[in-house]
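Single-structure report; data block below.
Residue numbers (the working numbering): 72 to 251.
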């Protein structure tokens, strides 16, 4: 009899707990802000000449807001490989050093502020003897990303294609702007 009474009591409590949920409770406090990964990439083509002292200053486009804590990554378009699906761009993260046949070296490098990026040649060679392959019509992609993005160990920032894919997956209106 005790067992039947206990069973009936348990059934009564289970049935009693299946009523309406009731009114919602009060709103809780605001949680911490999440990480908002908004990155921007733009492309420029520049010439390195004696007239510009083998360097050029690129202002960030007005529509790109750059904070002092943002990370600026610069990539050199090093080659374009033909493929049956279309050309494949080969990008290298700066600084990028080339070792010349005479034992000297030349490097593409950059500095930046939250207003602009300076692209320049560095090295121990006479830049006027480099020829147009190193100095004229050099294309760069400049990526501005939050520090949290650049410090993420799951993202290989040396791989331009991976950076583009991750940024595009996080932003509906992502595109690479080409500056004239």
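Even glycine gets a Cβ: it sits at the ideal position worked out from N, Cα and C. Note that the structure is a prediction, hence the values are computed from the model and not measured.
Tell me the rounded alpha-carbon separation between residue i and residue j.
i: residue 187; j: residue 216; result: 14 Å
i: residue 198; j: residue 101; result: 58 Å
i: residue 152; j: residue 160; result: 6 Å
i: residue 117; j: residue 99; result: 54 Å
i: residue 129; j: residue 203; result: 20 Å
i: residue 169; j: residue 190; result: 16 Å
i: residue 122; j: residue 236; result: 37 Å
i: residue 179; j: residue 97; result: 58 Å
i: residue 173; j: residue 194; result: 13 Å
i: residue 225; j: residue 154; result: 29 Å
Considering only the beta carbon of each residue, do residue i and residue j sit closer than 8 Å?
i: residue 177; j: residue 207; result: no
i: residue 185; j: residue 251; result: no
i: residue 238; j: residue 110; result: yes
i: residue 143; j: residue 183; result: yes
i: residue 165; j: residue 137; result: no
i: residue 214; j: residue 135; result: no
i: residue 210; j: residue 171; result: no
Report the residue from the options whose alpha carbon sits nearest the alpha carbon of residue i.
i: residue 205; options: 226, 213, 167; result: 167
i: residue 212; options: 124, 131, 95, 94; result: 131
i: residue 175; options: 190, 196, 158, 189; result: 196
i: residue 247; options: 94, 133, 224, 114; result: 114
Which residues in the same chain as residue i place their Cβ atom closer than 6 Å to its Cβ, once the five residues preceding and following it in sequence are excluded?
i: residue 119; result: 125, 192, 206
i: residue 158; result: 151
i: residue 245; result: 238, 239
i: residue 249; result: 114
Which same chain residues, not among the five before or five after residue i, have their C-beta less than 8 Å away from its C-beta?
i: residue 221; result: 142, 144, 228
i: residue 232; result: 162
i: residue 127; result: 117, 118, 119, 189, 190, 191
i: residue 218; result: 140, 141, 142
i: residue 243; result: none
Tell me whether residue i, by its Cβ, gets closer than 7 Å to a heavy atom of the ligand NAP.
i: residue 119; result: Although the ligand NAP was asked about, the structure shown includes no ligands whatsoever.
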